[in-house]
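Visitor: In my numbering, the protein residues as written are 36 to 438. Each residue gets a CB set at the ideal place from its N, CA and C atoms; glycine is no exception.
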């Protein structure tokens, strides 16, 4: 049975490739005390083990996969690279030179000391720097040396072994240095520094979110009393009566019974019942104490929808969420999530969080998916975003129709 299995993998190397990916992604998800191999390292080790049975991958397939890898890396990190060069070009260039010198000198010195051949040396360098692209370049360089076919093949075959072994230490070692060694060298308390950063940028720990019956943001209905402060004001002016809090009037039931969608210029009248979305504490303690809350299911039956928006507009690039939230076009918009970079990193929603081109924002609103973005994404990309500037990322209530 085992001989048949090995023969099948040799005859159909594509099965071996997908088997390696499956095993790598399966075992890569396991962790021990917060430390794990990860999908990439686990896949590399799985490939080394499966490759011991003598599977040969054709050169065109190797070249194609390598070119796809280079394209994906460039496509993913392109926006961040251009932004970094444009804003901090000189310091980044200096740091790159220092990093390249150290990253090259140290592996070369070690390889010379232990007498590695070119194959093991190239794999050692690529893995220790977690630099997969160096594998393809090293393979091409070895093929151009004019060595005997058997010797060149032996070097190329030894390269992935050194790469897979050292890649794990390159990945884990970076995490250890950054988390443990680095702060000690800089004589800083990493936990205290993180708390200080969070406080300076307005981050707060809040309840709510998935699995909680308490929600920070609520949609409630209130009746405007005779002589009330909001009577006769535009909706935007009435919303400004609650300083420091983002509250928005979404819909209005007029005294005659008709329901209207509210805009910033809608004038409020005595006896109107208004649907207001905002922080729960503000709605309960401020509005609830000053006016009469009513039960109006039809008025509060606001359809909620969400859409992911890719940021392309230069006008919002580099602005903070607090700055964009003050613009009139941002009235009623709520932000649930920010995703950034090729690794899809989730960015905290804080007042001083800066918007970057290439970010993906998850917006929620009162309109259907088609009206919110998929049939008219140009408008959303021209003016993208605002956020809950209190720091909460759990809000999932409606937004107004105005962007």
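Rounded to a whole number of angstroms, what is the C-alpha to C-alpha distance between residue 174 and residue 94?
Guide: As a position in the chain shown, residue 174 is number 139, starting the count at 1. As a position in the chain shown, residue 94 is number 59, starting the count at 1. Their backbone Cα atoms lie some 11 Å apart in a straight line.
Visitor: Could you tell me the alpha carbon to alpha carbon distance between residue 405 and residue 342, rounded to whole angstroms?
Guide: One-based indexing of the chain shown puts residue 405 at position 370. One-based indexing of the chain shown puts residue 342 at position 307. Low confidence applies to residue 405: its pLDDT is 35, below 50, so where it sits in the model is not reliable enough to give any reading.
Visitor: Tell me which residues share the same chain as residue 189 and place their Cβ nearer than 8 Å to its Cβ, disregarding the 5 neighbours each side in the sequence.
Guide: Counting from 1 along the chain shown, the entry for residue 189 is found at position 154. Same-chain partners within the cutoff: 154.
Visitor: With three or more beta-carbon pairs closer than 8 Å as the criterion, would you say the region 304 to 312 touches the region 253 to 269?
Guide: At 8 Å Cβ cutoff, the stretches touch.
Visitor: Rounded to a whole number of angstroms, what is the C-alpha to C-alpha distance between residue 149 and residue 159?
Guide: If you number the chain shown from 1, residue 149 lands on position 114. If you number the chain shown from 1, residue 159 lands on position 124. Whole-angstrom Cα-Cα distance: 12 Å.
Visitor: What separation, rounded to the nearest whole angstrom, lies between the Cα atoms of residue 403 and residue 229?
Guide: Taking the chain shown and counting its residues from 1, the one referred to as residue 403 is at position 368. Taking the chain shown and counting its residues from 1, the one referred to as residue 229 is at position 194. Confidence is the limiting factor: at residue 403 the pLDDT is only 35, short of 50, which leaves the residue's position unreliable and the question unanswerable from this model.
Visitor: Are the region 97 to 110 and the region 190 to 208 touching, with three or more C-beta to C-beta distances below 8 Å?
Guide: In short, these stretches do not touch, since the Cβ pair count stays below three.
Visitor: Tell me whether residue 328 sits in a helix, a strand or coil according to DSSP, three-state version.
Guide: For this step, residue 328 is matched to residue 293 along the chain shown. Looking at residue 328 - three-state DSSP - the assignment turns out to be strand.
Visitor: Ends of the alpha helix (DSSP H) at residue 188?
Guide: Residue numbering aside, residue 188 sits at position 153 when the chain shown is read from its first letter. 184 to 211 is the extent of the alpha helix (DSSP H) around residue 188.
Visitor: Do residue 81 and residue 55 come within 9 Å of each other at the CB atom, strictly closer than that value?
Guide: Numbered from its first residue, the chain shown carries residue 55 at position 20. Numbered from its first residue, the chain shown carries residue 81 at position 46. Cβ atoms of residue 55 and residue 81: closer than 9 Å.
Visitor: Please go through the same chain and pick out, in chain order, the residues whose beta-carbon is closer than 6 Å to the beta-carbon of residue 52, but skip the five residues on each side of it.
Guide: Here the question's residue 52 lines up with position 17 in the chain shown. There are no such residues.
Visitor: Do residue 394 and residue 346 have their CB atoms nearer than 9 Å?
Guide: For this step, residue 394 is matched to residue 359 along the chain shown. For this step, residue 346 is matched to residue 311 along the chain shown. Their beta carbons are under 9 Å apart, which means residue 394 touches residue 346 by this criterion.
Visitor: Please report how far the alpha carbon of residue 225 lies from the alpha carbon of residue 210, in whole angstroms.
Guide: By 1-based counting over the chain shown, the position of residue 225 is 190. By 1-based counting over the chain shown, the position of residue 210 is 175. If I take the Cα positions, the gap works out to 14 Å.
Visitor: Which first and last residues belong to the beta strand (DSSP E) in which residue 311 is found?
Guide: Sequence index remark: in the chain shown, residue 311 carries index 276 (1-based). 308 to 314 is the span of the beta strand (DSSP E), which, as asked, contains residue 311.
Visitor: Select from 74, 89 and 250 the residue whose C-alpha is nearest the C-alpha of residue 38.
Guide: Numbered from its first residue, the chain shown carries residue 38 at position 3. Here the closest residue by C-alpha is 89.
Visitor: From 358, 304, 102 and 283, pick the residue whose C-alpha is nearest to that of residue 260; which is it?
Guide: Along the chain shown, read from residue 1 onward, the residue named residue 260 stands at position 225. When each option's Cα is compared against that of residue 260, the closest is 304.
Visitor: Under 8 Å, with one C-beta from each stretch per pair, do the region 267 to 282 and the region 211 to 220 reach the 3-pair mark?
Guide: Too few Cβ pairs lie closer than 8 Å, so no.
Visitor: Taking 9 Å as the cut-off, decide whether the C-beta atoms of residue 349 and residue 392 are in contact.
Guide: Within the chain shown, numbered from 1, the residue matching residue 349 stands at position 314. Within the chain shown, numbered from 1, the residue matching residue 392 stands at position 357. Cβ atoms of residue 349 and residue 392: closer than 9 Å.
Visitor: In the DSSP output, which residue or residues are listed as bridge partners for residue 342?
Guide: Taking the chain shown and counting its residues from 1, the one referred to as residue 342 is at position 307. According to DSSP, residue 342 bridges with 398.
Visitor: Since residue 178 contacts residue 169 with CB under 8 Å, what's their CB separation in whole angstroms?
Guide: Residue numbering aside, residue 178 sits at position 143 when the chain shown is read from its first letter. Residue numbering aside, residue 169 sits at position 134 when the chain shown is read from its first letter. With 8 Å as the limit, residue 178 and residue 169 do not qualify as a contact, their Cβ atoms being about 15 Å apart.
Visitor: Given a threshold of 16 other Cβ atoms within 10 Å of its Cβ, counted over all protein chains shown, does residue 128 qualify as buried or as exposed?
Guide: Residue mapping note: residue 128 aligns to position 93 of the chain shown, counting from 1. That one is exposed.
Visitor: Ends of the alpha helix (DSSP H) at residue 39?
Guide: Along the chain shown, read from residue 1 onward, the residue named residue 39 stands at position 4. It spans 37 to 46 - the alpha helix (DSSP H) in which residue 39 sits, taken as one unbroken run.
Visitor: From residue 45 to residue 91, what distance separates their C-alpha atoms?
Guide: Here residue 45 corresponds to residue number 10 of the chain shown, with the count starting at 1. Here residue 91 corresponds to residue number 56 of the chain shown, with the count starting at 1. Rounded to whole angstroms, residue 45 to residue 91 spans 7 Å at the Cα level.
Visitor: Taking the alpha helix (DSSP H) that residue 290 belongs to, which residues open and close that run?
Guide: Locating residue 290 in the chain shown gives position 255, where the first residue counts as 1. First-last for residue 290: undefined, no H or E at that position.
Visitor: Report buried or exposed for residue 14, applying the criterion of at least 16 other Cβ atoms within 10 angstroms of its Cβ.
Guide: Outside the displayed range of the chain (36 to 438) lies residue 14, so it cannot be described from this structure.
Visitor: Just to confirm, does residue 105 get its C-beta within under 8 Å of one of the non-hydrogen atoms of the ligand SAM?
Guide: Of ligands this structure carries none, so the ligand SAM is not represented either.
Visitor: Can you have a look at residue 133 and say buried or exposed, based on whether 16 or more other CB atoms are within 10 angstroms of its CB?
Guide: Taking the chain shown and counting its residues from 1, one reaches residue 133 at position 98. Classification for residue 133: exposed.
Visitor: Please report the straight-line C-alpha distance between residue 372 and residue 335, rounded to a whole angstrom.
Guide: Taking the first residue of the chain shown as 1, we reach residue 372 at position 337. Taking the first residue of the chain shown as 1, we reach residue 335 at position 300. Each residue's alpha carbon lies about 25 Å from the other.
Visitor: Find the nearest neighbour of residue 249 within the set 262, 315, 208 and 192, judged by alpha-carbon distance.
Guide: Counting from 1 along the chain shown, the entry for residue 249 is found at position 214. It is 315.
Visitor: Spatial neighbours of residue 317 within its chain, please: C-beta separation below 8 Å, excluding the five flanking residues on both sides.
Guide: Stepping through the chain shown from its first residue, residue 317 is reached at position 282. Hits under 8 Å: 277, 280 and 282.
Visitor: One question on the structure: do residue 302 and residue 268 come within less than 9 Å of each other, judged by their Cβ atoms?
Guide: Here residue 302 corresponds to residue number 267 of the chain shown, with the count starting at 1. Here residue 268 corresponds to residue number 233 of the chain shown, with the count starting at 1. Yes.
Visitor: Measuring alpha carbon to alpha carbon, tell me which of 194, 59 and 266 ends up nearest residue 79.
Guide: Here the question's residue 79 lines up with position 44 in the chain shown. Among 194, 59 and 266, the Cα nearest to that of residue 79 is on 59.
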